[in-house]
Amino acid sequence: MKRIVVGVILAGLAAGCGGGEVTDVGAQDRLSALLHKDPNLPEGFSAHAQQAWRVPFAADSRQCRAVLAPAGGHAPPRALTAQAAASFPGDGLGEVVAVGLAEYSGSEAEWHIDDLSKALAGCRGVRTGDGTDLRLRRTTVRGVGDEAVGGELRGKLAGYPYALDVMLVRQGNTLVSLVHTGMTDVDAARTRQLLGAVVGMTSA
79 MKRIVVGVIL
89 AGLAAGCGGG
99 EVTDVGAQDR
109 LSALLHKDPN
119 LPEGFSAHAQ
129 QAWRVPFAAD
139 SRQCRAVLAP
149 AGGHAPPRAL
159 TAQAAASFPG
169 DGLGEVVAVG
179 LAEYSGSEAE
189 WHIDDLSKAL
199 AGCRGVRTGD
209 GTDLRLRRTT
219 VRGVGDEAVG
229 GELRGKLAGY
239 PYALDVMLVR
249 QGNTLVSLVH
259 TGMTDVDAAR
269 TRQLLGAVVG
279 MTSA
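Note that this note's numbering has the sequence shown beginning at 79, numbered continuously upward.
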């Protein structure tokens, strides 16, 4: 059964394709290149980008959906000029890191990170009838980007241990979204290491 759950997690890698209208083709190409041309991820993660991640459970909370969507290539659409998303398998059981990059015109990225912070505060967790029961705890994110918020989902996915860290960072007019998942647990320090690497790519 554990193989089935891992399959559900990894199947999401081949299902996401991103969303939102792109108005700056040059920026779109640049964001895509950041994720697909030798991304500087920590040891233990594949350097070969796969398709955008898909949430492996149905979140009935609008706030929870809003928080998780950007890492799968579905960033808030208002004033969106470009976005790219990809996922990278890790060496842990069912381990995946999903990354979404989105650029905005004007000061819209500031508004969006504020909205996402409020959504994170309103996301208490996820419970479905298939044995999925996850509870969210907010985490403090310091020393990265201009603004950053994060949370941890812990509990069961289809009856088996599952962990998910979500981090949302504004770097100038770019929204960086990262989800780090795995069965049993994920290392919070490794999540922060991943976040630093991804934010570093956008500011290089």
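All C-beta atoms, glycine included, are put in the ideal place defined by N, C-alpha and C.
Terminal residues of the beta strand (DSSP E) in which residue i lies
i	result
glutamine 161	158–167
Sheet register partners of residue i (DSSP bridge)
i	result
glutamate 173	Beta-bridge pairing links glutamate 173 to no other residue.
glutamate 230	Arg215, Asp243
glutamate 181	Ala160, Thr252
phenylalanine 123	Gly168
glutamine 128	Ser165
valine 257	Ala176, Val244
Residue range of the alpha helix (DSSP H) that includes residue i
i	result
histidine 190	186–200
glycine 203	Taken as a continuous stretch (DSSP letters only), glycine 203 belongs to no alpha helix (DSSP H), being part of the beta strand (DSSP E) at 203–205.
valine 103	103–114
arginine 140	140–146
threonine 210	Looking at the DSSP string, threonine 210 is not in any alpha helix (DSSP H), and its letter there is neither H nor E.
arginine 268	266–281
Residue i versus residue j: straight-line alpha-carbon distance, rounded
i	j	result
proline 148	serine 255	6 Å
valine 86	arginine 232	The pLDDT assigned to valine 86 is 44, lower than 50, so where the model puts this residue is not dependable, and the model offers no usable value.
glycine 260	proline 167	10 Å
arginine 202	aspartate 211	11 Å
histidine 190	methionine 279	21 Å
arginine 143	alanine 105	26 Å
alanine 92	alanine 137	Annotation note: pLDDT 39 at alanine 92 (below 50); position unreliable, coordinate value reported separately. If I take the Cα positions, the gap works out to 19 Å.
valine 264	arginine 156	32 Å
aspartate 193	leucine 146	13 Å
alanine 226	serine 165	21 Å
serine 281	phenylalanine 135	32 Å
glutamate 230	threonine 217	7 Å
aspartate 224	glutamate 121	26 Å
proline 239	threonine 262	5 Å
arginine 215	valine 247	17 Å
valine 222	glycine 170	25 Å
proline 117	histidine 152	21 Å
serine 110	glutamine 271	21 Å
arginine 140	valine 257	18 Å
valine 174	glycine 228	17 Å
alanine 267	alanine 199	22 Å
leucine 273	lysine 196	21 Å
Cβ distance (whole Å) where residue i is taken to contact residue j below 8 Å
i	j	result
alanine 127	histidine 114	5 Å
aspartate 102	alanine 187	Actually they do not touch by this definition, with Cβ atoms about 14 Å apart.
valine 219	methionine 245	6 Å
valine 276	valine 177	5 Å
glycine 209	alanine 236	5 Å
For the structure I just gave you, are there three or more beta carbon pairs, one from the region 178–193 and one from the region 240–259, closer than 8 Å? yes
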